[in-house]
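Participant:
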Amino acid sequence: MSERNTLMRSLHDIGLAAWFGGSLMGAVGLNGAARTVEEPVLASRIASAGWAAWTPVNAAAIGAHLVGGAALLGANSARVAHQSGVGASTVAKTVLTGAALAATAYSRVLGKKIELASSPDSEDQEASADHPVELEQAQRHLAMLQWALPALTAGMLVLNALHGEQQRPEQQKAGMLRRAASPLAMAGGTGMAAVRRASHHRASTGCC
């Protein structure tokens, strides 16, 4: 590929870096600091305020990553279709991205429940009672998702590194040759089988 995609690659990489870094810092730093507060309601209030402030930035980072990723996928569509191994790694990254998006969205739903429940505003507390998720359930699920998100986005970073390695000229050449050799080998095997069937038919019928 001769053209450059610097802007789209930057959006893709910076967005993913912020998504991963923000989720990891939140789990280790923000939630860890909140746990040092002895009063549970105050601890929830501190953590909720931090995550609420981060949410718009996180949404922008995810949007940048998705826009950049879609553009890069279009620019590399020929490699995805024809270079051996690229299609599989692209599918794996797409699955991880979908899982990370779902985990992020669900985390925000759970976080909103805790935010409302720990708010000093009586209207927020009333709204919390109407929230579809129970408070204890929200706390349990968030305790798991705080580590699931960094793990999922870290997996995306690993696959991103793999995609970079697959763009090396020698990797592209070898991958294209392996993909091209596969249908040729299948066609050759089919042709040999047809020759053997024809030979067997001639031998059994005596036909030349």
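For the sequence shown, position 146 (counting from the first letter as 1) is numbered 181 according to the working numbering, and the numbering increases by one without interruption. Just so it is clear, CB atoms sit at the ideal spot from N, CA and C, and this is done for glycine as well.
1) Against chain D, does serine 142 count as a neighbour if the rule is that its beta carbon must be under 7 angstroms from one of theirs?
2) Going by Cα to Cα distance, which pick from Gly61, Thr90 and Arg114 is closest to glycine 147?
3) Would a C-beta distance cut-off of 7 angstroms place valine 115 and threonine 129 closer than the cut-off?
4) In or out: leucine 69 buried (at least 16 other Cβ within 10 Å) or exposed?
5) Quick one: residues in its chain with C-beta nearer than 7 angstroms to the C-beta of glycine 104, no 5 flanking neighbours on either side, listed in chain order?
6) Measuring only the C-alpha atoms, how far is asparagine 66 from alanine 82?
7) Quick one, are the C-beta atoms of alanine 1 and leucine 197 less than 7 angstroms apart?
8) What is the residue span of the alpha helix (DSSP H) that aspartate 48 lies within?
9) Methionine 227: buried (16+ other C-beta within 10 angstroms of its C-beta) or exposed?
Facilitator: The structure says:
1) This model lacks chain D altogether, as it is built from one protein chain only.
2) Walking along the sequence shown from the start, residue 147 turns up at place 112. Before going on, a small fix: residue 147 reads as lysine here, not glycine. Of the listed residues, the one whose Cα sits closest to lysine 147 is Thr90.
3) Sequence index remark: in the sequence shown, residue 115 carries index 80 (1-based). Sequence index remark: in the sequence shown, residue 129 carries index 94 (1-based). Contact flag unset, no.
4) In the sequence shown, the residue the question calls residue 69 occupies position 34. What sits at residue 69 in the sequence shown is alanine, not leucine. The residue is buried, with at least 16 neighbouring Cβ atoms inside 10 Å.
5) Within the sequence shown, residue 104 is the residue found at index 69, counting from 1. Cβ neighbours of glycine 104 beyond the five flanking positions: His47.
6) Locating residue 66 in the sequence shown gives position 31, counting from the first residue. Locating residue 82 in the sequence shown gives position 47, counting from the first residue. The alpha-carbon atoms of asparagine 66 and alanine 82 are separated by roughly 6 angstroms.
7) What the structure shows of the chain is the stretch from 36 to 243, and residue 1 is not part of that stretch, so it cannot be assessed.
8) The residue given as residue 48 occupies position 13 in the sequence shown. Residues 41–60.
9) Looking up residue 227 in the sequence shown gives position 192. Note that methionine 227 scores 45 on pLDDT, short of 50, meaning its location in the model is unreliable; the coordinates nonetheless yield the value given after this. With fewer than 16 Cβ atoms within 10 Å of its Cβ, methionine 227 is classed as exposed.
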